[in-house]
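One structure is given here, and the rest of the page talks about it.
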Amino acid sequence: MSDKPSVLFVCVHNAGRSQMAAGWLRHLAGDAVEVRSAGSAPAETVNPAAVAAMREVGVDLTDQTPKLLEYATAESSDVIVTMGCGDACPVFPGKRYEDWKLDDPAGKGVEAVRPIRDEIRRRVETLLAELTHGR
Numbered sequence: 001m002s003d004k005p006s007v008l009f010v011c012v013h014n015a016g017r018s019q020m021a022a023g024w025l026r027h028l029a030g031d032a033v034e035v036r037s038a039g040s041a042p043a044e045t046v047n048p049a050a051v052a053a054m055r056e057v058g059v060d061l062t063d064q065t066p067k068l069l070e071y072a073t074a075e076s077s078d079v080i081v082t083m084g085c086g087d088a089c090p091v092f093p094g095k096r097y098e099d100w101k102l103d104d105p106a107g108k109g110v111e112a113v114r115p116i117r118d119e120i121r122r123r124v125e126t127l128l129a130e131l132t133h134g135r
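At position 90 of the sequence shown the residue is numbered 90 (the UniProt record's numbering), and the sequence of numbers has no breaks.
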């Protein structure tokens with residue numbers, strides 16, 4: 001791992017869970033971590049309920065766009081966090097993988113997305129502490 005670790009968050013549509021996780025990590029880590037997110041079958045736009053839920057806690061996702069998961073992006077990431085992307089996620093030897101089982105916010109309102117947002121924050125805080133411990 002380089003001086004600045006890179007984390008890739010992956011879900012199918014790159015519109016909800018992975019976007020919220022990336023938003024949290026950017027917000028909490030600042031420039032200490034390179035943050036990436038992608039999807040195996042990206043949606044057209046970020047889930048509006050995810051955008052609204054994150055806006056409530058001061059994290060702006062309005063400038064984000066779902067991106068297609070590319071081999072090179074995964075290969076050059078230190079940590080890959082999957083959130084239900086199934087077999088579409090590539091596996092590289094020597095990478096740290098985490099699979100976060102989280103409810104899919106697709107089709108849910110802001111009320112239902114808040115607990116998902118809060119659980120993602122807890123997991124991102126733990127990951128960030130592990131990445132920056134001893135730095």
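We put the CB at the ideal spot given by N, CA and C, even for glycine.
Taking all protein chains shown into account, do 16 or more other C-beta atoms lie within 10 angstroms of the C-beta of residue i, making it buried, or fewer, making it exposed?
i       : result
Met-1   : Note on Met-1: pLDDT 47, under 50, position unreliable in the model; no value is reported.
Gly-58  : exposed
Pro-5   : buried
Val-81  : buried
Ala-112 : exposed
Val-7   : buried
Val-91  : exposed
In the DSSP assignment, what residue or residues form a beta bridge with residue i?
i      : result
Tyr-97 : Ile-80
Using 8 Å for Cβ pairs, my map puts residue i next to residue j. What's the rounded Cβ distance?
i      : j       : result
His-13 : Ala-52  : Actually they are not in contact, since the Cβ atoms of His-13 and Ala-52 sit about 17 Å apart, beyond 8 Å.
Arg-36 : Thr-73  : 6 Å
Leu-68 : Ala-50  : Not really, about 19 Å apart at Cβ, beyond 8 Å.
Arg-17 : Pro-105 : 7 Å
Determine the direct distance from the alpha carbon of residue j to that of residue i, and round the result to whole angstroms.
i       : j       : result
Glu-130 : Val-79  : 11 Å
Lys-108 : Ala-43  : 16 Å
Val-33  : Leu-128 : 8 Å
Tyr-71  : Phe-9   : 14 Å
Asp-103 : Asp-3   : 33 Å
Arg-55  : Asp-31  : 20 Å
Gln-64  : His-133 : 29 Å
Leu-28  : Glu-125 : 8 Å
Arg-121 : Arg-114 : 11 Å
Arg-26  : Met-20  : 10 Å
Ala-15  : Ser-76  : 22 Å
Leu-48  : Trp-100 : In the sequence on display, residue 48 carries Pro and not Leu. In a straight line, the C-alpha of Pro-48 is about 22 Å away from that of Trp-100.
Val-46  : Pro-66  : 6 Å
Gly-84  : Glu-98  : 11 Å
Using a C-beta cutoff of 8 Å, does residue i count as contacting chain B?
i      : result
Met-83 : The structure shown has no chain B; it contains just one protein chain.
Check your understanding: Quick one: complete beta strand (DSSP E) runs, 3+ long, within the UniProt domain "Phosphotyrosine protein phosphatase I" (5–130)?
Key -> 6–11, 34–39, 79–82 and 96–99
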